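Engineer:
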Amino acid sequence: MCRNIRTLHNFEPAAGDDEIRAAALQYVRKISGTSKPSKANEEVFWRAVDEIAHLTGHLLDDLVTSAPPKDREVEAAKAKERSAKRFATT
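So the mapping is simple: the working numbering equals the position in the sequence shown, first residue as 1, plus 2.
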């Protein structure tokens, strides 16, 4: 999985449209192998981003869990701690 695509399910507050679209954009970039489409592929590229964002929104709306929602700040702090340990110089 692309490291820039973040988990969006089960957070409080729920993922917003901007986060969903950003994840869709990263996915399409990864799959297409380009960060900026050529003029010939621009329409299909952005249509794919729109469709994937739309479907992702439905997926997030329909997923159910019994786990309590995660806190974004706590999860970000955990990620920073993992990163610091992983990339620490010895």
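Here a beta-carbon is modelled for each residue, glycine too, at the ideal position from N, C-alpha and C. All of these numbers come straight from a predicted model, not from anything done at the bench.
My output table needs one value for Met3: the three-state DSSP class, helix, strand or coil.
Structural biologist: Note that Met3 scores 43 on pLDDT, short of 50, meaning its location in the model is unreliable and no value can be drawn from it.
Engineer: Grab me the residues of Met3's own chain with a C-beta within less than 8 Å of its C-beta, minus the 5 sequence neighbours each way, in chain order.
Structural biologist: Here the model assigns Met3 a pLDDT of 43, short of 50, so the residue's position is not dependable, and the following value carries that caveat. There are no such residues.
Engineer: Cα separation between Ala42 and Trp48?
Structural biologist: Ala42 and Trp48: Cα-Cα distance of roughly 12 Å.
Engineer: Could you check where the alpha helix (DSSP H) with Val66 kicks off and where it finishes?
Structural biologist: That residue, Val66, is in no alpha helix (DSSP H); it is neither H nor E in DSSP.
Engineer: Quick one: grab the DSSP three-state call for Lys38.
Structural biologist: Of the three classes helix, strand and coil, the one that applies to Lys38 here is coil, per DSSP.
Engineer: With a CB to CB cut of under 7 Å and the five nearest residues on each side skipped, what residues in its chain are close to Asn12?
Structural biologist: Only Thr67, Ala69, Pro71 and Lys72 meet the Cβ criterion.
Engineer: Just checking, does the region 77 to 91 make contact with the region 15 to 28 on the three C-beta pairs under 8 Å criterion?
Structural biologist: With the cut-off at 8 Å, the region 77 to 91 and the region 15 to 28 do not touch.
Engineer: Find the nearest neighbour of His56 within the set Pro15, Glu21 and Lys32, judged by alpha-carbon distance.
Structural biologist: The shortest Cα separation from His56 among Pro15, Glu21 and Lys32 belongs to Glu21.
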